[in-house]
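Notes for the one structure printed next.
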Amino acid sequence: MRLGVHVGRLVATAVLLGWLPAAAVLPSLVALAVVVGILAALIAGETVRYADLPRAVGHG
Numbered sequence: 000m001r002l003g004v005h006v007g008r009l010v011a012t013a014v015l016l017g018w019l020p021a022a023a024v025l026p027s028l029v030a031l032a033v034v035v036g037i038l039a040a041l042i043a044g045e046t047v048r049y050a051d052l053p054r055a056v057g058h059g
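In numbering that gives the first Met the number 0, the protein residues as written are 0 to 59.
Have a look at this one:
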């Protein structure tokens, strides 16, 4: 497994850090919904990107 910077994770981190000031003044449920949406998008992107990895290493 290679180590390095994953662009999707870096973007998600930047968006979450940028969201922090707004999340402090909005209702907590709205802030939580946005965080869940950002993380769901990150997970979906990585699922699509790495979908063929188990076949490449012989597990599937």
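All C-beta atoms, glycine included, are put in the ideal place defined by N, C-alpha and C.
Check: Among Val33, Leu41, Tyr49, which residue has its Cα nearest to the Cα of Leu9?; Outcome: Leu41
Check: Whole-angstrom Cβ separation of Leu15 and Ile37, contact assumed at under 8 Å?; Outcome: 6 Å
Check: With 16 other CB atoms within 10 Å as the buried threshold, where does Ala91 fall?; Outcome: Look at the range of the chain in this structure, 0 to 59, and you will see that residue 91 is not part of it.
Check: Mark Ala135 as exposed unless 16 or more other C-beta atoms lie within 10 angstroms of its C-beta, in which case mark it buried.; Outcome: Residue 135 lies beyond the range of the chain shown here (0 to 59); nothing can be said about it.
Check: Among the residues of its own chain, which have a CB less than 7 Å from the CB of Glu45, if the five just before and after it don't count?; Outcome: Gly7
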